[in-house]
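K.L.:
Protein chains in written order, with the working numbering: chain A, 1 to 363; chain B, 1001 to 1166; chain C, 2001 to 2105. Note that the Cβ used here is the ideal one computed from N, Cα and C, for glycine as well.
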Amino acid sequence: MRETELAIVGAGPAGLSAAIEAASAGVQVTLIDENQKPGGQLFKQIHKFFGSKEHYAAVRGFDIGAKLLDEVKRCGVEVMLDSVVWGIFSDHTLGIIHDQKNIRLKADKILLATGAMENALAFPGWTLPGVMGAGAIQTLINIHRVLPGKRVIMIGSGNVGLIVSYQLLQAGAQVVAVLEAAPKIGGYGVHASKLRRCGVPILTSTTIKEARGKGKVEKAIAIKLDQDWREIPGTEREYDVDVICLAVGLTPLSELAWMAGCRFEYVPELGGHVPIHDSNMETTVPGIYVAGDLSGIEEASTAMEEGKLAGIAIAEALGYLSPEEAKNRKEAVSRRLDSFRTGPFGEAVKKAKERLQRQGEAK
Amino acid sequence: MTLEKDGVLSPEELAELPGMPSKERLEQGAVAVIECAQEIPCNPCEKACPSGAIRVGEPITNLPTLIEDKCTGCGLCIPLCPGLAIFVVDMTYSDQEATVQLPYEFLPLPKRGETVKALDREGRVVCPARVVKVLNPKGFDHTAVITIAVPKDQAMNVRNIAVDRR
Amino acid sequence: MRVEDHPILGKLEKRSIVEIEVDGEVIQAIAGEPIAAALLAAGKGIFRYTRKLHEPRGVFCAIGRCTDCMMVVDGVPNVRTCVTPVKAGMKIQTQHGLGEFKESS
């Protein structure tokens, strides 16, 4: 049985940021990730981030990832890669498969930063090879430098769908259209404009009806929707494609939090079932914290800040930071989070997070 | 045609933007055109400008305002906008032509002197354009800035190029 | 196909090539990349057939969560090819149904 002070599950932007914050304060940190490399989704983000200088604005995602990795190494964090956390127990131990062996790790505090998974959209033909999630496409084109096809149709016009469409163009593929079931575009106008001026059509009130092909995707059939989201017969349109990319939302990866007995709330604005947490990012189970997309679907920028918040709160709880120092640091992070969550896109998330936190404080 | 429904700013939406220079200023020479229309938390343009010609302030969701008297049309803001929403237009390039400086993140990069297709905000080819300058220094972090010459009446229309893939 | 040159990521660095066998055919892969990436780069899209209806499946999530991409690797079935790195001389087979575990001799 191994022991540590803080075990962090997930080495994406939230986990990395929490590790840096806690380790800098003196906490013994073990950072666990099931992948070969840490960084989560950061290394696939080849676009420049928004925000202000403190949010790493105008820096590309993978460069931010590299900076975080450097800092984690310098802070003396123990990093366990290729390690799957399969269980979490009431005595604060984690079951981990590492190097084909099962090990147990006991931790004073646990931070779950396991991120999110892509939603699927079922339609006739959706199991054909060539139908993939947007994250899958991003991994293939930006990390493995493989184009799974040459003519792609994108389903979903949120920021993920728009950004991945642009990245597909950069990788040399053609995007025949972006289909959006809602009557307006989901993501930022600037992301949409970048695509439109490359000649990529964005069709609102339109969805995919069917995928056709022998053994693989060959055609996508689009269809228009009326104001009650019902298909309008006769409005079908056929596209010759070899890839159908699904960018239809993310859902928190919450198995470990459920296992641990955390209480959840269903919050549509945050992606579905989300663990209730307070302003310290602590769940309803004392000693278990959450940060990043697991605590509500947002962005890498907010994941980093929430990770810091959790790191600071945990360092304080373990006695490495005075209440005064912790309060100051937490306030700085909260200010940055607030400034990021303003405007028409951030308001809904801000309100949902506030509601969730009030529940968390009341526990 | 609206940004929300089509992803393209309508002439009415463009005219209302605080980042849009006046007709008078455009006729005086190179000036930035900031086509940023939504309140998203973002302000690298403000810090990018060496002349203090872009103001965002607090909260950082404010739309950037162009202070056109201070703008020299240097174009340093172009590669720093994460939304690739800033352009520089010079109506005084020649009697017939204006230049448009635009951000470009595709391969192949065109070469100076080459003729490319000039595209409008909907990606339609509107005219041929001559490449006057290609800037792609390390400091721009892979956002090249291409200067093209187009007929004056297309300068506020052209926002992208199509290069022949050889 | 491979993205050899990219406006942001630059040219694909020279990495070492390994050879793997897929259904008896030798294909080239980049050392350390996931099996699924090598197969997609080589234009192979069908990785297995389902048990009941023998329908083709390929890559869906590419991060090891959905099990669409499972194949038989060096005799072991149900290997998630999108998160398993290639090794020189690996033998990969299209999986039919649930595959079979063979006792190692």
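Pick helix, strand or coil for Trp126/A, following the three-state DSSP scheme.
P.N.:
Counted from its first residue, the first sequence places residue 126/A at position 126. Residue state, collapsed to three classes: coil.
K.L.:
With respect to the alpha helix (DSSP H) encompassing Tyr166/A, which residues constitute its N-terminal and C-terminal limits?
P.N.:
Locating residue 166/A in the first sequence gives position 166, where the first residue counts as 1. First-last of the alpha helix (DSSP H) with Tyr166/A: 159 to 170.
K.L.:
Within 9 Å (strictly less), CB to CB, does Val146/A reach chain C?
P.N.:
Sequence index remark: in the first sequence, residue 146/A carries index 146 (1-based). Judged by the 9 Å Cβ criterion, Val146/A is in contact with chain C.
K.L.:
If the cut-off is 7 Å on Cβ atoms, which residues from the stretch 1090 to 1113 of chain B count as contacting chain A, listed in chain order?
P.N.:
Answer set for the stretch 1090 to 1113 of chain B: Glu1105, Phe1106.
K.L.:
Less than 9 Å between CB atoms is the rule here; does Leu1135/B satisfy it with respect to chain A?
P.N.:
In the second sequence, residue 1135/B corresponds to position 135, counting from 1. Not an interface residue.
K.L.:
What does Gln2095/C pair with, by DSSP beta-bridge criteria?
P.N.:
Taking the third sequence and counting its residues from 1, the one referred to as residue 2095/C is at position 95. Looking at the DSSP assignment, Gln2095/C forms a beta bridge with Arg2048/C.
K.L.:
Below 8 Å on the Cβ atoms is my contact criterion, and I expect Gly423/A with Pro13/A to pass it. Report the Cβ-Cβ distance as a whole number of Å.
P.N.:
In this structure chain A extends from 1 to 363, so residue 423/A is not present and cannot be described.
K.L.:
Taking DSSP as the reference, what is the three-state secondary structure of Met2090/C?
P.N.:
Stepping through the third sequence from its first residue, residue 2090/C is reached at position 90. Looking at Met2090/C - three-state DSSP - the assignment turns out to be coil, as it is neither helix nor strand.
K.L.:
For Leu140/A, tell me which candidate among Ile2035/C, His2096/C, Val2022/C has the shortest Cα-Cα distance.
P.N.:
For the purposes of this step, residue 140/A is taken as the residue at position 140 of the first sequence. Per the Cα distances, Ile2035/C.
K.L.:
From which residue to which residue does the beta strand (DSSP E) around Arg104/A run?
P.N.:
The count along the first sequence starts at 1 and reaches residue 104/A at position 104. From DSSP, the beta strand (DSSP E) with Arg104/A extends over 101 to 112.
K.L.:
Can you check the stretch 1012 to 1099 of chain B for any beta strand (DSSP E) of at least 3 residues that lies completely inside it and give the ranges in chain order?
P.N.:
Entirely contained in the stretch 1012 to 1099 of chain B, the beta strand (DSSP E) runs reaching 3 residues are, in chain order, 1031 to 1034, 1086 to 1090.
K.L.:
For chain B, is any of its Cβ atoms less than 9 Å away from the one on Val59/A?
P.N.:
Position 59 of the first sequence, counted from the first residue, corresponds to residue 59/A. Yes, contact with chain B.
K.L.:
Under a CB-based cut-off of 9 Å, is Tyr188/A close to chain F?
P.N.:
Going by chain labels, chain F is absent from the structure shown, which instead holds the protein chains A, B and C.
K.L.:
What is the rounded straight-line gap between the Cα of Ser2105/C and the Cα of Ile32/A?
P.N.:
Position 105 of the third sequence holds residue 2105/C. Position 32 of the first sequence holds residue 32/A. Summary for Ser2105/C: the model assigns pLDDT 49, below 50, so the residue's position carries little reliability; its value from the coordinates is reported in the next sentence. Using only the alpha carbons, I get a separation of about 35 Å.
K.L.:
Fully enclosed by the stretch 163 to 249 of chain A, which alpha helix (DSSP H) runs are 4 residues long or longer?
P.N.:
Correct list: 189 to 196.
K.L.:
Using a beta-carbon distance below 9 Å, is His2006/C in contact with chain B?
P.N.:
For the purposes of this step, residue 2006/C is taken as the residue at position 6 of the third sequence. Yes - at least one Cβ of chain B is within 9 Å of the one on His2006/C.
K.L.:
Any Cβ of chain A within less than 9 Å of the Cβ of Met2070/C?
P.N.:
Translated into the one-based positions of the third sequence, residue 2070/C becomes position 70. Taking Cβ atoms only, chain A never reaches closer than 9 Å to Met2070/C, which makes this a no.
K.L.:
Sorted by chain position, which residues of the same chain lie with C-beta nearer than 7 Å to Gln1955/C's C-beta, five sequence neighbours on each side aside?
P.N.:
In the structure as shown, chain C starts at 2001 and stops at 2105, and residue 1955/C therefore has no counterpart that could be examined.
K.L.:
Pick helix, strand or coil for Ser83/A, following the three-state DSSP scheme.
P.N.:
In the first sequence, counting from the first residue as 1, residue 83/A sits at position 83. Looking at Ser83/A - three-state DSSP - the assignment turns out to be strand.
K.L.:
Please tell me whether Leu2012/C has its Cβ less than 9 Å away from any Cβ of chain A.
P.N.:
The residue you call residue 2012/C lines up with position 12 of the third sequence. Chain A, which has a Cβ nearer than 9 Å to the Cβ of Leu2012/C, makes this yes.
K.L.:
Mark Ile232/A as exposed unless 16 or more other C-beta atoms lie within 10 angstroms of its C-beta, in which case mark it buried.
P.N.:
Counting from 1 along the first sequence, the entry for residue 232/A is found at position 232. With fewer than 16 Cβ atoms within 10 Å of its Cβ, Ile232/A is classed as exposed.
K.L.:
Please check the pair Glu1097/B and Ala1149/B, which I expect to be a contact at CB under 8 Å, by giving their CB distance rounded to whole angstroms.
P.N.:
The residue you call residue 1097/B lines up with position 97 of the second sequence. The residue you call residue 1149/B lines up with position 149 of the second sequence. Sure, about 5 Å apart at Cβ, within 8 Å.
K.L.:
Jot down the residue ranges of each uninterrupted alpha helix (DSSP H) in the stretch 253 to 306 of chain A, minimum 4 residues, whole runs only, in chain order.
P.N.:
Listed in chain order, the complete alpha helix (DSSP H) runs (minimum 4 residues) inside the stretch 253 to 306 of chain A are 255 to 259.
K.L.:
Residues of chain B with a CB under 7 Å from the CB of Lys194/A: which are they?
P.N.:
In the first sequence, the residue the question calls residue 194/A occupies position 194. Neighbours of Lys194/A on chain B, chain order: Leu1084.
K.L.:
Using the rule of at least 16 other Cβ atoms within 10 Å of the residue's Cβ for burial, across every protein chain shown, is Ala113/A buried or exposed?
P.N.:
Translated into positions along the first sequence, residue 113/A becomes position 113. It counts as buried.
K.L.:
Could you give the first and the last residue of the continuous beta strand (DSSP E) run that contains Arg1130/B?
P.N.:
The sequence position of residue 1130/B within the second sequence is 130, counting from 1. First-last of the beta strand (DSSP E) with Arg1130/B: 1125 to 1135.
K.L.:
List the residues of chain C that Asn142/A touches, going by C-beta distances under 8 Å, in chain order.
P.N.:
On the first sequence, residue 142/A is found 142 positions in, with the first residue counted as 1. By Cβ distance, chain C contributes Leu2009.
K.L.:
Short check: CB of Ile208/A to CB of Ala220/A, under 9 Å?
P.N.:
Your numbering for residue 208/A matches position 208 in the first sequence. Your numbering for residue 220/A matches position 220 in the first sequence. Yes, the pair counts as a contact, with Cβ atoms nearer than the cut-off.
K.L.:
Throw me the rounded Cβ distance for the Gln45/A and Arg60/A pair, which I believe falls under 8 Å.
P.N.:
Counting from one through the first sequence, the residue named residue 45/A turns up at place 45. Counting from one through the first sequence, the residue named residue 60/A turns up at place 60. Going by Cβ atoms, the distance from Gln45/A to Arg60/A rounds to 7 Å, so yes, they are a contact pair.
K.L.:
Under a CB-based cut-off of 9 Å, is Glu282/A close to chain C?
P.N.:
To locate residue 282/A, count along the first sequence from 1; it is residue 282. False, the Cβ-Cβ gap to chain C never drops below 9 Å.
K.L.:
Ordered along the chain, which non-local residues of its own chain (more than five positions away) have a Cβ less than 8 Å from that of Gly133/A?
P.N.:
On the first sequence, position 133 is the one that residue 133/A refers to. Here the set comprises Glu118, Ala120, Cys245, Leu246, Ala247.
K.L.:
Closer than 8 Å, Cβ to any Cβ of chain B: which residues of the stretch 335 to 349 of chain A, in chain order?
P.N.:
Flagged, chain order: Ser339, Phe340, Arg341, Thr342, Gly343, Pro344, Phe345, Gly346.
K.L.:
Mapping the DSSP letters down to three states, classify Asp338/A as helix, strand or coil.
P.N.:
Sequence index remark: in the first sequence, residue 338/A carries index 338 (1-based). The answer is helix: DSSP assigns Asp338/A an H, G or I state.
K.L.:
For Ala116/A, which beta-bridge partners are listed by DSSP?
P.N.:
Locating residue 116/A in the first sequence gives position 116, counting from the first residue. In the DSSP output, where bridge partners are listed per residue, Ala116/A has Pro252/A.
K.L.:
If you drop the 5 nearest sequence neighbours on each side, which residues of the same chain put their C-beta closer than 6 Å to that of Leu168/A?
P.N.:
Locating residue 168/A in the first sequence gives position 168, counting from the first residue. Counting only Cβ-Cβ distances below 6 Å, and skipping sequence neighbours, we find Val152, Val175.
K.L.:
Leaving out five residues before and five after Phe1140/B in sequence, what residues of the same chain have Cβ atoms less than 8 Å from its Cβ?
P.N.:
Here residue 1140/B corresponds to residue number 140 of the second sequence, with the count starting at 1. Pro1079, listed in sequence order.
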